[in-house]
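Novice: Following this message is one structure expressed as structure tokens.
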Amino acid sequence: MTDFLPNTYPFRAPAPGAPRLRPGAALFSLALVFVLVLSFFAGLPLVATSAAAAEAPESLFAQGNKLYQEKKYTEAAAAYEKVIQQNGFSANVLLNLGNACLKDKQYGRAILAFERAARLAPADAEITRNLSIARQEAGLPVTKTPWWLAILKRFSANDWAYAFSGTFALLWIIAGISLWRPESCRLLGVSDAGQLRFWRASVCLVAFACFLLLAALAVSLQPRFDAVVLKAGPAFISPIENAADMFQLSEGEIVNVEGKSSTYYYARNIKGEGGWIPSSRMEPIVPDILR
């Protein structure tokens, strides 16, 4: 019996003068391949998006568009709702649903649809514009979003995941080049004396970018228990019938849910006022998150 499989050969010692890897470079190369593969899979979608939803039936979607053009907005909204029930959420269908509800002066449902569409397509200018119009027509106050939060909301969690994965892979590539070919920085006009400082600065800069992107990804993945008020009315002091009123809520107003008791939710408005609201008068932006 031979010591090797047919048509194969044992490993041989390198020829004299052949280039050799530095100590630990082989192990580093394996780690680099592993990290690159891991980074690729880390960039896969982390949340459900409109691409995951099946395509809406053309006939039902076209029926909704036709009813919208005929100014039958209530019927058009019902058609779009059926599309969502059958195929899941889609930014385009939610946008059309919001437009139909807005024309029908159902401000709460219009804002709910636009908010859900914005979660799926945060960079869509039309969704952002129509949401602003709906809030203005509903008489809701205009809130100024901090610049850093506006940037964060501009991209989805998937976008931040891809950006982090690419930057993290770039970090390992730079680290690998600094070990294997440190003299390559001469192409950028870096002197031999400044090679070490150049690679240290490059690694630190890309590592800092990784930290920022990872922080943005972590924030974007945090669950937000926001809900839209579908029917104007008071918030109560306790979750029982005939409880005293605390303050009034407007249709389309967004509240942050902090607790639940039977058929009531405890929520706060943008002013920080808290009270109990019947679940029938509000709906979460992310479906089923409050169950």
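Per the numbering used here, numbering through the sequence shown is continuous, rising by one, with the last residue being 296.
Using N, Cα and C, we set each Cβ at its ideal position, and we do this for glycine too.
Values in this document were obtained by computation on a predicted structure and should not be read as measured data.
#1: Give the single residue among L117, F160, N247, L176 whose Cα lies nearest to the Cα of A143.
#2: Under the DSSP definition of a beta bridge, which residues are partnered with E288?
#3: What span of residues does the beta strand (DSSP E) with G298 cover, start to end?
#4: Given S284, which residues of its chain have a CB within under 7 Å of its CB, disregarding the five upstream and five downstream residues?
#5: Taking the CB atoms as reference points, tell me whether L145 and G257 lie closer together than 8 Å.
#6: When DSSP labels each residue in this structure, what does A272 get in the three-state scheme?
#7: How many Å lie between K110 and F213 at the Cα?
#8: Looking only at its chain, what residues have a beta carbon closer than 7 Å to the beta carbon of R106, apart from the 5 residues adjacent to it on each side?
#9: Three-state secondary structure (DSSP) at E75?
#10: Whose C-alpha, out of N70, R134, K77, E75, is nearest the C-alpha of V88?
#11: What residue from V233, L176, W185, A232 has the CA that sits closest to A206's CA?
#12: Just the C-alpha distance for D250 and I290, rounded to the nearest angstrom, thanks.
Specialist: In brief:
#1: For the residues L117, F160, N247, L176, the minimum Cα distance to A143 belongs to L117.
#2: V233
#3: Only positions 6 to 296 of the chain appear in the structure, and residue 298 is not among them; the question remains open.
#4: T268, Y269, Y270
#5: yes
#6: Shown here, A272 sits in a strand according to DSSP, grouped into three states.
#7: 48 Å
#8: In the sequence on display, residue 106 carries Cys and not Arg. Cβ contact annotation for C106 (same chain, cutoff 7 Å, sequence separation greater than five): A82, R114, A115, A118, in chain order.
#9: Coil at E75, not helix or strand.
#10: Closest option to V88, Cα to Cα, is N70.
#11: L176
#12: Whole-angstrom Cα-Cα distance: 25 Å.
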